[in-house]
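*Asks:* Under our numbering, the residues of the sequence shown are numbered 468 to 579, in order. Dropping a structure here in structure tokens format, bear with me for questions.
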Amino acid sequence: MQDCIFCKIATKEIPADIVHENEQVLVFRDAKPAAPVHLLIIPKRHIPALSELSEEDSGLMGQVHLAAVRVARELGLVEQGFRLVSNCGRNAGQMVMHIHYHLLSGRSFQWP
Ligand code: 5GP
Ligand code: ZN
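Pasting the structure below:
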């Protein structure tokens, strides 16, 4: 997808601090961290938002979640806890129109 910043990160056109990668999924550090640990987990394939998902994406989105958990375990975040969140649409504050989950950890969080 032209002009999508996360597609360009996935194809290495734009550099990022990559934490984990496999064929389908990329995990990298957020450029403006909102917590001591702030990672972004994306499918490499361009899907604009959660609201655009279809049945055929179920395996891919499973891989996205598994990558998040794998990295949380590798970074030793499981005991203290972490938050996994995806903003969808304007009111939720989605700025980048390529599905991504934020993995936040290293401090406590309020809800919502
Ligand atoms: P959203 O608001 O769409 O849920 O989150 C987008 C996130 O992407 C933000 O936390 C923002 O800091 C991060 N971000 C935007 N552009 C870049 C970039 O070029 N590189 C990295 N590493 N993060 C980015
Ligand atoms: Zn994209």
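No residue lacks a Cβ here, since even glycine has one placed at the ideal position from N, Cα and C. Source: prediction; values computed, not measured.
Along the chain, where does the alpha helix (DSSP H) containing F473 start, and where does it finish?
*Replies:* Run containing F473: I472 to A477, per the alpha helix (DSSP H) assignment.
*Asks:* Would you check if the region 484 to 495 and the region 531 to 539 touch, i.e. whether three or more CB-CB distances between them fall below 8 Å?
*Replies:* Yes, the region 531 to 539 is in contact with the region 484 to 495.
*Asks:* Is the distance from the Cβ of M468 to the Cβ of H513 below 8 Å?
*Replies:* Cβ atoms of M468 and H513: closer than 8 Å.
*Asks:* Is S518 helix, strand or coil when you go by DSSP?
*Replies:* Helix.
*Asks:* So the beta strand (DSSP E) H569 belongs to, where does it begin and stop?
*Replies:* Start and end: Y568 to S572.
*Asks:* Can you find a heavy atom of ligand 1 that lies under 7 Å from the Cβ of R540?
*Replies:* No, the beta carbon of R540 sits no closer than 7 Å to any heavy atom of ligand 1.
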